[in-house]
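In the working numbering, the protein residues as written are -13 to 1091. Backbone N, C-alpha and C fix where the C-beta goes; we use that ideal spot for every residue, glycine too. As the structure is a computational prediction, the values presented were derived from the model and not from experiment.
This is how it looks when you write it as structure tokens:
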């Protein structure tokens, strides 16, 4: 058996330092591998990636390509400067290293629309008679080839330099990077789009000023240009990118090893990570001046003789982009938190058009990827942009959204004409060749639709929408074809690996077809300029698709390919090519037939794509609970109607709420009543839907009858609705409804809105909305800082502005430091720090975290009364109000108190009838206090009566105590007891009722016979059921945690079903004996209908996905 000695020695060399570096260097830890039998590697795509072709080679019609007709185009470089993308690439007429060569430049303002190439470095004549040491051949009428591993340099003085290297190839096997070239040239790109003269900046050993056509840069009369060149030469990280072309003894090169295609980024500690071909890597401790003698192959990375690009991304994380196979397909990305440990593998580019033109060393696939070097600009959209060639003939860029993920947690609701202009495709992955573009276009009626056009005989347009992984899914979309005698639009539903289970085709024979196996079913004929609306329902269990086309009868057919789940819908204007395959010969020198010609254009428009997880509740039947709503509807005459009338209430609830079944009838009835009453407060406005507090208009309300007091409660409760757009519209009205500014009365009440919205994010993982509203939340926080800060650092508030007038501790005009606003300011700062992390704003994250820590310390040191063992209102420095009030529990609502027993002792008061325990719930002040209930009656006093606003805060805080603290003061029996009292209090004249406040002894609603009090939307209940009683604890990671707070022998069974959480459908079941729901004894957690965790008891269970 023959052994390739060079390969053996190289492999041996790579392994020498592996044990040392594997501990602390770059490595990849993932179970995901790319499958080279598929062009996409069976990888799940990075969501929102846009692949845009910038150049399509065309020898037959140069005016449709680069203007030269050259078909070898490769090694693109990218920069962003002065609001413009710059892309430089090298080009040869036919093949690699076959002269002549030149470097060309394209520009773009938006990354999507690119200029025609211009020759930034034209062909260069090699002197006749030139020879190379130890290589046969003599130059005669020969021109150089260009080659560059780096293309741009932005100097500190603002100058942008573009560069390349002129190398020499005496034949098609010669290497231009053997140190025997001519030299590197440079010129300036000016702000007005013009260019400075070409200069040499470094010569190879056989050349100098006397035998070259361009002057040396020091001859320039522009001092700032010369300074920029000197700065470039002094940068060791740039010199590392010249190593292959340079003289072998060039003293500018820090590491004189023939490692190829150097890429680098900085770690937070200042060290520099290097990446080369083959995923070789090393780390420099001195800014790149010196390097370990031997690099090593990064463990876990699969990367053949191809380039790898690494960089720090705008969110403070890191990404590497490369071909994760021994071929040059697909193109993928891995991400890392620390720049060393990479943990995933997502698809960037997995579509390979046919290589139309043969040539020397023309590899197939997306390859030679490069991004924007650290000093070469930051695109204003904060996304990651990379460039690469496909088949070494066409050029592409990709926009990869930051943060990089392959997951979405919300189903598509993409009505393109209703989405913000310019943001319609933010969650779409597009593949957009120049002759098969994908973009949003306006129809003749002015509406914006998604357009796929195609006149490319060798390629297709593609748009795909990643969806939450589902086993049952509803899909709705409309298609407008502009022709029916050509083209081919394929619509597929695929799994996470890109395998289609079904395919609908608008074929070129005027028929709409469905692939069901070896043959197709005909769904009907289609005509140009007619809209075709599809409603689909797909289910994994039955391997079937049900289709309703326009108003036709629904038809159900089997999949042509079974899949385990659905993850994306794809629109594509052609077949997936079956070549190349791993056995395709590496080299081809012939061209395909008619490679430069166009097809007749086909055009398709899509108005919307809407999806939903139609997973039937895993356990419960929705219609079994309709009787509750029928009863509620019969209780009243419905004298006030807002967005959703009573006769539509069950349909709304059925589509929006989690289901709950309980053996204790009043708990179950109250659960559905509170959703039924919450629905009453949804109100349509010209700016979007909102939530009201009162159904009757109040004189002190803002526009649309908005009142800011209970925004936090509205969000905590409403975050469990399946319609997550409701809260987004509501909050945008509050913050932007006053001609783009906040509503005038937004700050009439204290707020924990930022905290509530972050806790909404913990349910839906919707980074788009939380990052969009982040600047508004920062402005609100700053406003409170500006006018409510006391010299002590605490915050003041009048009790009525807390929504708590006539308290014992405060007053309407008293500027006291209260546990309310100080807890809210802590929570909002903590939330803002976490949102800043999502936004990649590391500085802001630290600023807000510091603010939170400072407030937390002040709450402990200034608001804790050690004598009463309680958090109290501070009237002046050192002067407590000397009354325990329910607001003293609010710090636990946000997990502020330290985990110490002396703080937990405060909770003994909720079990004391002289404290807060009363026959109808938790009082708002301790009953023993001499001023308890002395402020009169029925004008909204907070001197002791029971307020659901406070009860829901206290019970949320108690659930946090029982979940997050080590203490023995209270247990789940106490929690359950108070939940029972809360349920029992919500009745009036024998019927479910929620109002303003009630007598703690009689249970009488103190405004119960006033219209204003009915259905008062000023508290939570169902959030307490879900997160407290049943115990689904929202988290930011990929773990589902359940910890019921029900005494073990209290209920024999319960079920919470149809909960949307992290894009999944969650079901939680307790079945003590196993004979109620028949899925096993004990506590069970189901995800999308499958049992994933169980326990015999009601102890905490978790499941990571």
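C-alpha of residue 688 to C-alpha of residue 968: approximately 30 Å in a straight line. As a beta-bridge residue in DSSP terms, residue 66 pairs with 71. Residue pairing by DSSP puts residue 597 in a beta bridge opposite 461. A residue is called buried when at least 16 other Cβ atoms come within 10 angstroms of its Cβ; residue 571 does not meet this threshold and is exposed. Sequence-distant Cβ neighbours of residue 1029 in its own chain, meaning closer than 7 Å and more than five residues away, are 949, 1017, 1019, 1086.
Inter-residue distance for residue 955 and residue 944 is about 11 Å (C-alpha atoms, whole angstroms). By the neighbour-count definition (other C-beta atoms within 10 Å, threshold 16), residue 436 is a buried residue. In this structure, DSSP gives residue 923 a state outside helix and strand, which the three-state scheme calls coil.
Our two residues, residue 40 and residue 417, have alpha carbons roughly 12 Å apart in a direct line. For residue 942, the uninterrupted alpha helix (DSSP H) run begins and ends at 934 to 950, by DSSP. Counted as a single uninterrupted DSSP element, the alpha helix (DSSP H) harbouring residue 656 occupies residues 651 to 666. Between the segment 905 to 914 and the segment 839 to 846 there are fewer than three inter-stretch CB-CB distances shorter than 8 Å, so the stretches are not counted as touching.
Between the segment 590 to 600 and the segment 453 to 469, the count of Cβ pairs shorter than 8 Å is three or higher; the stretches touch.
Under the 10 Å beta carbon count, residue 34 is surrounded by 16 or more other beta carbons and is classified as buried.
Secondary structure at residue 918: coil, using DSSP grouped into helix, strand and coil. In this structure, residue 986 sits away from residue 1055, with a CB-CB distance that is not shorter than 7 Å.
Judged by DSSP in its simplified three-state form, residue 277 adopts coil rather than helix or strand. Taken in chain order, the complete alpha helix (DSSP H) segments of 4 residues or longer contained in the segment 770 to 827 are 805 to 825. Here residue 921 has 792, 927, 929 as same chain residues with Cβ atoms under 6 Å from its own Cβ, once five neighbours each way along the sequence are excluded. For the pair residue 143 and residue 214, the Cα-to-Cα distance works out to about 7 Å.
For the 7 Å CB-CB criterion, residue 826 and residue 337 do not form a contact. Boundaries for residue 695: no alpha helix (DSSP H) harbours it, and the DSSP string shows neither H nor E there. Here residue 215 carries a helix assignment [DSSP, helix/strand/coil]. By the neighbour-count criterion, in which a residue is buried when 16 or more other Cβ atoms sit within 10 angstroms of its Cβ, residue 541 is exposed.
For the options 135, 140, 893, the alpha carbon positioned closest to that of residue 163 is the one of 135. 7 Å or more divides the Cβ of residue 77 from the Cβ of residue 91. Taking each of 516, 816, 93, 546 in turn and checking the Cα distance to residue 529, the smallest one comes out for 546. When 123, 815, 1031 are compared, the shortest CA-CA separation from residue 830 is found for 815.
One thing to note: residue 819 has its Cβ within 7 Å of the Cβ of residue 834. For residue 722, the enclosing alpha helix (DSSP H) stretches over residues 711 to 722.
Contact between residue 415 and residue 452 holds: their C-beta atoms lie close to 7 Å from each other, under 8 Å. Comparing alpha carbon positions, the residue from 813, 425, 852, 817 closest to residue 876 is 813. Boundaries of the beta strand (DSSP E) around residue 370: 370 to 376.
The continuous alpha helix (DSSP H) containing residue 743 extends over residues 739 to 750.
The closest CA to that of residue 84, considering only 42, 152, 258, is found on 152. The C-alpha of residue 69 lies about 9 Å from the C-alpha of residue 96.
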